[in-house]
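Structure first, commentary second.
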Amino acid sequence: MSLPTDTSAPDRLSSLLERFRVQAALFHSGPLCGHHVFEPQPGRAFLHILRQGEMEVRHPDGDIALPRLKIDTPSLLLYPQPVHHVFFNAPLDGPDFTCATLDFDGGARNPIVQSLPPVMVVPLAAIGELDDTLHLLFAEADRQRCGSRLLTNRLFEVALIQILRWVVDHPDAAGVSHGLMRGLSDARLARTLVAMHQAPQDEWTLPRMAATAGMSRSAFAAVFKDVMQATPASYLLDWRLSLACAQLRAGVAVKQVAIEVGFADTASLSKAFRKRLGASPRAWLAASAAQVG
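Position one of the sequence shown corresponds to residue 48 (the working numbering), numbered consecutively onward.
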């Protein structure tokens, strides 16, 4: 399905990344010889950048069957979700990599993570605006100077934003067929999605959503359901709950969370939590803290 684009579309990523931040951490730069196993870690993503050489990637286990990959051109491999993957490289003079882990706020409930495929493999040449960022990133990763690791981490975060921008502009090439990132690539839906992201506490009726998109109610509801794989009301509820989870983890009181994310009161927030997450906000927070601990 071809979706309309609009160069005057609103900023589709800032409100997401401001509310759900990501932290990168460099863990390797240089050749990788032999085979290397990357175990799935809940809430943690991987971004591997193949600078030169060739390799094979296998996905031995997991709920989703993923193919073997043979890569022989400089490429990025983004694993936004916990996926067991193994690199098979030449035993000597292996391919050259720079790799980082990515910790997304919200973990599995991060709306960006939920809307990306389990793995993305993109030739670096496809994302031209990455050139300058990667030039600086590789230069810092390859040297031992004061602040190099910190600067490299920040450059990985810049690169991720550029990758996500490319995904929104090229969803088909990124393998994104539905969900939030696909919705943000549609100029009409993007206007409504960005407005809801920026002001979740507002009263978002279907007529208001449709008017923001510049569509009739019936057309908006149909397109939204087709692209987002959820009704407008269901998506809005999930967005508010994602925000609520993030704020609860940050120590905000339940009553204040309910008001700020758009619930009428604490009872309404608790009802939504029990329906979607199977526990009250306080019980969910305690279980979440226990998992982290």
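All C-beta atoms in this analysis are idealised placements derived from N, C-alpha and C, irrespective of residue type, glycine included.
Spatial distance of Ser-162 from Met-275 (CA atoms): Within the sequence shown, residue 162 is the residue found at index 115, counting from 1. Within the sequence shown, residue 275 is the residue found at index 228, counting from 1. For Ser-162 and Met-275, the distance between alpha carbons rounds to 9 Å.
Quick test of your reading: Thr-120 and Ser-76, contact by CB under 8 Å. State the CB separation rounded to the nearest angstrom. Position 73 of the sequence shown, counted from the start, is the residue given in the question as residue 120. Position 29 of the sequence shown, counted from the start, is the residue given in the question as residue 76. About 19 Å; that fails the 8 Å criterion.
Could you give the first and the last residue of the continuous beta strand (DSSP E) run that contains Ile-96? On the sequence shown, position 49 is the one that residue 96 refers to. Residue range 91–99 is occupied by the beta strand (DSSP E) that includes Ile-96.
Ordered along the chain, which non-local residues of its own chain (more than five positions away) have a Cβ less than 8 Å from that of Met-262? Position 215 of the sequence shown, counted from the start, is the residue given in the question as residue 262. Here the set comprises Arg-235 and Val-270.
Select from Ser-281, Pro-78, Leu-295 and Leu-73 the residue whose C-alpha is nearest the C-alpha of Lys-322. Position 275 of the sequence shown holds residue 322. When each option's Cα is compared against that of Lys-322, the closest is Ser-281.
Considering Cα atoms alone, identify which of Ala-206, Val-84 and Ser-224 is closest to Ile-96. Counted from its first residue, the sequence shown places residue 96 at position 49. When Ala-206, Val-84 and Ser-224 are compared, the shortest CA-CA separation from Ile-96 is found for Ala-206.
Rounded Cβ spacing between Val-168 and Leu-116 (contact assumed at less than 8 Å): Numbered from its first residue, the sequence shown carries residue 168 at position 121. Numbered from its first residue, the sequence shown carries residue 116 at position 69. Yes, they are in contact, since the Cβ atoms of Val-168 and Leu-116 sit about 6 Å apart, within 8 Å.
Name the residue from Val-308, Thr-148, Arg-296 and Ala-266 whose alpha carbon lies nearest to the alpha carbon of Leu-283. In the sequence shown, the residue the question calls residue 283 occupies position 236. Residue Val-308 is the option with its Cα nearest to Leu-283.
Quick check on Pro-254: buried or exposed, where buried means 16 or more other Cβ atoms within 10 Å of its Cβ? Here residue 254 refers to the residue found at position 207 of the sequence shown. With fewer than 16 Cβ atoms within 10 Å of its Cβ, Pro-254 is classed as exposed.
contact_flag[the stretch 55–70, the stretch 84–91] where n(CB pairs < 8 Å) is 3 or more: Between the stretch 55–70 and the stretch 84–91, the count of C-beta pairs closer than 8 Å stays below three; the two stretches do not touch.
From Cys-292, Asp-152, Thr-278 and Pro-78, residue whose alpha carbon lies closest to that of Gly-226: Along the sequence shown, read from residue 1 onward, the residue named residue 226 stands at position 179. When only C-alpha atoms are compared, the closest one is Thr-278.
Measure the CB-CB distance between His-33 and Phe-135 and report whether it falls below 8 Å. Given a span of 48 to 340 for the chain in the structure shown, any question on residue 33 remains unanswerable.
Could you tell me whether the Cβ atoms of Glu-101 and Pro-138 are closer together than 8 Å? The residue labelled residue 101 in the question sits at position 54 within the sequence shown. The residue labelled residue 138 in the question sits at position 91 within the sequence shown. No, the pair does not count as a contact, with Cβ atoms beyond the cut-off.
Pull up the distance between the alpha-carbon of Arg-201 and that of Met-256, whole angstroms please. As a working mapping, residue 201 is identified with position 154 in the sequence shown. As a working mapping, residue 256 is identified with position 209 in the sequence shown. Answer to the nearest angstrom: the Cα atoms are 36 Å apart.
Straight-line Cα distance separating Pro-165 from Ala-314: Your numbering for residue 314 matches position 267 in the sequence shown. Your numbering for residue 165 matches position 118 in the sequence shown. Each residue's alpha carbon lies about 36 Å from the other.
Which of the three DSSP states, helix, strand or coil, is assigned to Asp-53? Along the sequence shown, read from residue 1 onward, the residue named residue 53 stands at position 6. Residue placement at Asp-53 is flagged as unreliable, the pLDDT there being 47, under the threshold of 50; the coordinate-derived value follows with that caveat. Judged by DSSP in its simplified three-state form, Asp-53 adopts coil rather than helix or strand.
Straight-line Cα distance separating Leu-231 from Asp-53: Within the sequence shown, residue 53 is the residue found at index 6, counting from 1. Within the sequence shown, residue 231 is the residue found at index 184, counting from 1. Note that Asp-53 has pLDDT 47, beneath the 50 cutoff, so the model's placement of it is unreliable and the number below is only indicative. Rounded to whole angstroms, the gap between the alpha carbons of Asp-53 and Leu-231 is 11 Å.
Relative to the C-alpha of Glu-250, which residue among Ala-186, Arg-229 and Ile-306 is closest? Walking along the sequence shown from the start, residue 250 turns up at place 203. Taking only the C-alpha atoms, the option nearest Glu-250 is Ile-306.
Straight-line gap, Ala-237 to Pro-158 (C-alpha atoms, nearest Å): Mapped onto the sequence shown, residue 237 falls at position 190. Mapped onto the sequence shown, residue 158 falls at position 111. Ala-237 and Pro-158: Cα-Cα distance of roughly 15 Å.
Skipping 5 residues on each side, what residues in its chain have a beta carbon closer than 7 Å to that of Glu-204? To locate residue 204, count along the sequence shown from 1; it is residue 157. Once the five neighbours on either side are set aside, the close Cβ partners of Glu-204 are Val-69 and Ala-71.
N-terminal and C-terminal residue of the beta strand (DSSP E) that Gly-77 is part of: By 1-based counting over the sequence shown, the position of residue 77 is 30. For Gly-77, the uninterrupted beta strand (DSSP E) segment begins and ends at 69–78.
In the structure shown, what three-state DSSP assignment does Pro-328 receive? Start at 1 with the first residue of the sequence shown, and residue 328 comes out as number 281. DSSP places Pro-328 within a helical segment (H, G or I) once states are collapsed to three.
Nearest-angstrom beta carbon gap, Leu-149 and Ile-210 [assumed within contact, 8 Å]: By one-based count along the sequence shown, residue 210 stands at place 163. By one-based count along the sequence shown, residue 149 stands at place 102. Contact between Ile-210 and Leu-149 does not hold, since the beta-carbon distance rounds to 11 Å and is not under 8 Å.
Classify Ala-297: buried if its beta carbon has 16 or more other beta carbons within 10 angstroms, exposed otherwise. Looking up residue 297 in the sequence shown gives position 250. By the 10 Å Cβ count, Ala-297 comes out exposed.
Identify whether Glu-103 lies in helix, strand or coil by the three-state DSSP scheme. On the sequence shown, position 56 is the one that residue 103 refers to. DSSP, read as helix, strand or coil, puts Glu-103 in strand.
Looking only at DSSP bridge pairs, what is Ile-118 linked to? Against the sequence shown, residue 118 aligns to sequence position 71. Ile-118 is bridged to Met-102.
How big is the Cα-Cα spacing for Leu-184 and Phe-310? The residue labelled residue 184 in the question sits at position 137 within the sequence shown. The residue labelled residue 310 in the question sits at position 263 within the sequence shown. Between the alpha carbons of Leu-184 and Phe-310 lies a gap of roughly 43 Å.
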